[in-house]
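Student: One structure coming up, written as structure tokens, with questions to follow.
2 protein chains.
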Amino acid sequence: MEKAQAGARGTNGNGERAERSAQRDPERTRASILAAATKEFAENGMGGARVDAIAERAGINKRMLYHYFGDKEQLYLAVLEEAYIGIRTAEKAINLSDLEPEQGIAELAMFTWRYFLEHPEFLSLLGTENLHRARWLRQSTRLKELHSQLMGKLSELLDRGRAKGLFREDVDPLHLYLTMAALGYFYLSNQYTLSTIFGRDLAERPNLEGWERHIVHVTLASIRR
Amino acid sequence: MEKAQAGARGTNGNGERAERSAQRDPERTRASILAAATKEFAENGMGGARVDAIAERAGINKRMLYHYFGDKEQLYLAVLEEAYIGIRTAEKAINLSDLEPEQGIAELAMFTWRYFLEHPEFLSLLGTENLHRARWLRQSTRLKELHSQLMGKLSELLDRGRAKGLFREDVDPLHLYLTMAALGYFYLSNQYTLSTIFGRDLAERPNLEGWERHIVHVTLASIRR
DNA sequence: CAAGCCAGTAACTAAACAGTTACTTTGTGG
DNA sequence: CCACAAAGTAACTGTTTAGTTACTGGCTTG
Chain A
1 MEKAQAGARG
11 TNGNGERAER
21 SAQRDPERTR
31 ASILAAATKE
41 FAENGMGGAR
51 VDAIAERAGI
61 NKRMLYHYFG
71 DKEQLYLAVL
81 EEAYIGIRTA
91 EKAINLSDLE
101 PEQGIAELAM
111 FTWRYFLEHP
121 EFLSLLGTEN
131 LHRARWLRQS
141 TRLKELHSQL
151 MGKLSELLDR
161 GRAKGLFRED
171 VDPLHLYLTM
181 AALGYFYLSN
191 QYTLSTIFGR
201 DLAERPNLEG
211 WERHIVHVTL
221 ASIRR
Chain B
1001 MEKAQAGARG
1011 TNGNGERAER
1021 SAQRDPERTR
1031 ASILAAATKE
1041 FAENGMGGAR
1051 VDAIAERAGI
1061 NKRMLYHYFG
1071 DKEQLYLAVL
1081 EEAYIGIRTA
1091 EKAINLSDLE
1101 PEQGIAELAM
1111 FTWRYFLEHP
1121 EFLSLLGTEN
1131 LHRARWLRQS
1141 TRLKELHSQL
1151 MGKLSELLDR
1161 GRAKGLFRED
1171 VDPLHLYLTM
1181 AALGYFYLSN
1191 QYTLSTIFGR
1201 DLAERPNLEG
1211 WERHIVHVTL
1221 ASIRR
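These protein sequences, in sequence, are chains A and B.
Just so we're aligned: the first sequence equals residues 1 to 225 in my numbering.
Just so we're aligned: the second sequence equals residues 1001 to 1225 in my numbering.
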């Protein structure tokens, strides 16, 4: 029925393997499983995620999922690793060397906030991973080698700011990073319970913009002399 | 075999129902189911929690769980409600009226931090509830009536501080509350991934104490003139 | 061009799971 | 003191679940 079609589209005369049809594309299959699994795990957690739901979302046969990833846990680990690689890659691209220290810190705070805002699935996976006390993260040699680029940039800015007499002498870069991350993470990951309890939709545009300004304000206020 | 024992202990001559034996104690059964369910849901989330595990932890027959709570979802809701009632009750007990504004804010920040620190199951339930976009919290009329006492106390302190010229004019009490809560929540709920990535155990005593001081410092720095 | 491997399918299985049935025991109010 | 309701048990059921088996189709390479 579709055999003729596959034959016709598989090759195109010159040896080049052109834009091949949907059939038989390992990389694409793998990627679509990973994307589907990311959604499913982010929406339902490890315990709530369903292997069958992932297969359906990816439009593949469940057997393929086991073929490429082994089992549910290894698939989850692959999802987690990809999510961390995503943020680490984005961090690398930041260039702050020609900014004033205060401006640089503000940029880092906004970067973290916006990354969280645009990647809710990353926040959700973090929540799931912490529920399980970092069981899979601790297993992953790949992720333990993948250090955050942010701490280095933060330290450099702090040094420059201190030299100029702008910042306090005793600022711990880790504390500073945790402060920025905490303000963004909590607001977004807990937005549903908070919105319900305070009767105010935290996801509305003006509220989001107000909170971004607040994060920058708090971060800078905490390190200034 | 044990019937005679039960008869002997059930009543003690005067009509008073003395310290009755373990048999047939509805309140105790209900309470032990609730305690077991709190642990199970906090450790595994909604999707990962097992009804059989709850029954076993509570030392009761699974049938009783359905007898008292209806089904798994209603039991989860009861657990969530009890957890919120716990923090709201603790909040009520705080008295700040004879403290200076700065001292009062510091006390509130430390209260929130210590409550989170001592009630990890509450943090975990919040995480689960937010994963599900506050699905059960929104259903609960009981919880929607139960307003946080903290916002009122916070506003009062802010007013007093402003009158004395200590605090900025434009501080939003909700932003202030979210700031304190965010700093505590993130540090504790994400301690496992953070400890793994930064290679530093955030749960160690000196680190916990340092973070408490940091929360107070940041909170106050963000509202001072 | 065939041998063999890789991608893919459909249908199955054993265990785990939430929830139920049918029953017994125990305390209490008329 | 007995009738009846509430508390409790044990064993069961239908469904969902992760993971498997046994197979087909197609691509590459010696």
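Here a beta-carbon is modelled for each residue, glycine too, at the ideal position from N, C-alpha and C.
Tell me the start and end of each unbroken alpha helix (DSSP H) in the region 1136-1218 of chain B that is at least 4 residues and wholly inside, in chain order.
Tutor: Here the runs fully enclosed are 1141-1145, 1150-1163, 1173-1189, 1191-1198.
Student: Kindly list the residues whose CB is nearer than 6 angstroms to the CB of B/SER1155, restricted to its own chain and excluding five residues on each side of it in sequence; keep chain order.
Tutor: Counting from 1 along the second sequence, the entry for residue 1155 of chain B is found at position 155. Cβ neighbours of B/SER1155 beyond the five flanking positions: PRO1173.
Student: Can you list, in chain order, the residues of its chain with a C-beta nearer than 7 angstroms to that of A/TYR84? Leave out the 5 residues immediately preceding and following it.
Tutor: Within the first sequence, the letter at position 84 stands for residue 84 of chain A. The residues are LEU143, LEU146.
Student: At a cut-off of 7 angstroms, is A/LYS72 close to the ligand NAD when judged by its beta-carbon and the heavy atoms of the ligand?
Tutor: The ligand NAD is not part of this structure, which contains no ligands at all.
Student: So the candidates are A/LEU131, A/PRO101, A/LYS39, A/ASP52; which of them puts its Cα closest to the Cα of B/GLY1048?
Tutor: Counted from its first residue, the second sequence places residue 1048 of chain B at position 48. That would be A/LEU131, whose Cα lies nearest to the Cα of B/GLY1048.
Student: I need the DSSP call for B/GLU1019, collapsed to helix, strand or coil.
Tutor: The residue given as residue 1019 of chain B occupies position 19 in the second sequence. The predicted model places B/GLU1019 with a pLDDT of 37, which falls under 50 and marks its position as unreliable, so this point remains unresolved.
Student: Can you tell me whether A/ALA22 is buried or exposed, with buried defined as 16 or more other CB within 10 angstroms of its CB?
Tutor: Working through the first sequence from its first residue, we reach residue 22 of chain A at position 22. Interpretation of A/ALA22 is limited by its pLDDT of 49, a score under 50 that renders its predicted location unreliable; no figure is taken from the coordinates.
Student: Starting from the beta carbon of A/ARG133, find every residue of chain B whose beta carbon is closer than 8 angstroms, and list them in chain order.
Tutor: On the first sequence, position 133 is the one that residue 133 of chain A refers to. Under the 8 angstroms cutoff, chain B gives TYR1192.
Student: Between the alpha carbons of B/VAL1218 and B/ALA1035, how many angstroms are there, rounded?
Tutor: Along the second sequence, one-based indexing puts residue 1218 of chain B at 218. Along the second sequence, one-based indexing puts residue 1035 of chain B at 35. Those two C-alpha atoms are separated by around 36 angstroms.
Student: Need the endpoints of the alpha helix (DSSP H) that A/ARG50 sits in, please.
Tutor: Numbered from its first residue, the first sequence carries residue 50 of chain A at position 50. Careful: A/ARG50 lies outside any alpha helix (DSSP H) and carries neither H nor E.
Student: According to DSSP, is A/ARG28 helix, strand or coil?
Tutor: For the purposes of this step, residue 28 of chain A is taken as the residue at position 28 of the first sequence. Of the three classes helix, strand and coil, the one that applies to A/ARG28 here is helix, per DSSP.
Student: For the alpha helix (DSSP H) containing B/GLY1059, list its first residue and its last residue.
Tutor: Numbered from its first residue, the second sequence carries residue 1059 of chain B at position 59. Neither: B/GLY1059 is in no alpha helix (DSSP H) and is coded neither H nor E.
Student: Can you tell me which of B/GLU1212, B/ARG1224, B/GLN1139, B/SER1148 puts its alpha carbon nearest to the alpha carbon of B/ARG1168?
Tutor: Counting from 1 along the second sequence, the entry for residue 1168 of chain B is found at position 168. For the residues B/GLU1212, B/ARG1224, B/GLN1139, B/SER1148, the minimum Cα distance to B/ARG1168 belongs to B/ARG1224.
Student: What residues in the region 176-208 of chain A bring their beta carbon closer than 8 angstroms to a beta carbon of chain B?
Tutor: Cβ contacts with chain B come from LEU178, THR179, ALA181, ALA182, LEU183, TYR185, PHE186, TYR187, SER189, ASN190, GLN191, TYR192, THR193, LEU194, SER195, THR196, ILE197, PHE198, ARG200.
Student: For B/THR1112, collect the residues of the same chain with a Cβ closer than 7 angstroms to its Cβ; drop the 5 residues on either side in sequence, then sort them by chain order.
Tutor: Here residue 1112 of chain B is taken as the residue at index 112 of the second sequence, counted from 1. Closer than 7 angstroms at Cβ, skipping near neighbours: MET1180, ALA1181, GLY1184.
Student: Determine whether the Cβ of B/ASN1130 lies closer than 8 angstroms to any Cβ atom of chain A.
Tutor: Start at 1 with the first residue of the second sequence, and residue 1130 of chain B comes out as number 130. Cβ-Cβ to chain A under 8 angstroms: yes for B/ASN1130.
Student: Assign B/ARG1224 to one of three DSSP states: helix, strand, or coil.
Tutor: For the purposes of this step, residue 1224 of chain B is taken as the residue at position 224 of the second sequence. DSSP places B/ARG1224 in strand when its eight states are reduced to three.
Student: Ordered along the chain, which non-local residues of its own chain (more than five positions away) have a Cβ less than 7 angstroms from that of B/LEU1123?
Tutor: Position 123 of the second sequence, counted from the first residue, corresponds to residue 1123 of chain B. The answer, listed in chain order, is PHE1116, TYR1185, LEU1188, SER1189.
Student: Against chain B, does A/SER21 count as a neighbour if the rule is that its beta carbon must be under 8 angstroms from one of theirs?
Tutor: Taking the first residue of the first sequence as 1, we reach residue 21 of chain A at position 21. Interpretation of A/SER21 is limited by its pLDDT of 43, a score under 50 that renders its predicted location unreliable; the figure taken from the coordinates is listed afterwards. Not one chain B Cβ lies under 8 angstroms of A/SER21.
Student: Applying the 10 Å Cβ sphere with the 16-neighbour rule, what's the burial state of B/GLY1152?
Tutor: Within the second sequence, the letter at position 152 stands for residue 1152 of chain B. Classification for B/GLY1152: exposed.
Student: Strictly below 7 angstroms CB to CB, what residues from chain A border B/SER1124?
Tutor: Taking the first residue of the second sequence as 1, we reach residue 1124 of chain B at position 124. Result: LEU131.
Student: Would you call A/SER97 buried or exposed, if buried means 16 or more other Cβ atoms sit within 10 Å of its Cβ?
Tutor: On the first sequence, residue 97 of chain A is found 97 positions in, with the first residue counted as 1. Exposed, by the Cβ-count rule.
Student: Taking the alpha helix (DSSP H) that A/GLU121 falls in, what are its first and last residues?
Tutor: For the purposes of this step, residue 121 of chain A is identified with residue 121 of the first sequence, where counting begins at 1. Per DSSP, A/GLU121 belongs to the alpha helix (DSSP H) from 120-131.
Student: Can you tell me the Cα-Cα spacing of A/LEU150 and A/LEU178, whole angstroms?
Tutor: Within the first sequence, residue 150 of chain A is the residue found at index 150, counting from 1. Within the first sequence, residue 178 of chain A is the residue found at index 178, counting from 1. Rounded to whole angstroms, A/LEU150 to A/LEU178 spans 11 angstroms at the Cα level.
Student: Can you find the residues in the same chain that come closer than 7 angstroms, C-beta to C-beta, to A/LYS72, ignoring five residues on each side of it along the sequence?
Tutor: The residue you call residue 72 of chain A lines up with position 72 of the first sequence. Same-chain partners within the cutoff: VAL51.
Student: So the alpha helix (DSSP H) B/GLY1086 belongs to, where does it begin and stop?
Tutor: Position 86 of the second sequence, counted from the start, is the residue given in the question as residue 1086 of chain B. Start and end: 1072-1092.
Student: Using alpha carbons as the reference points, say which of B/LEU1202, B/ARG1200, B/ARG1030 lies closest to B/MET1064.
Tutor: Walking along the second sequence from the start, residue 1064 of chain B turns up at place 64. The residue with the shortest Cα to Cα distance from B/MET1064 is B/ARG1030.
Student: What residues from the region 21-49 of chain A come within 7 angstroms of chain B, judged by C-beta to C-beta, listed N to C?
Tutor: Within the region 21-49 of chain A, the qualifying residues are ASN44, GLY45, MET46, GLY47, GLY48.
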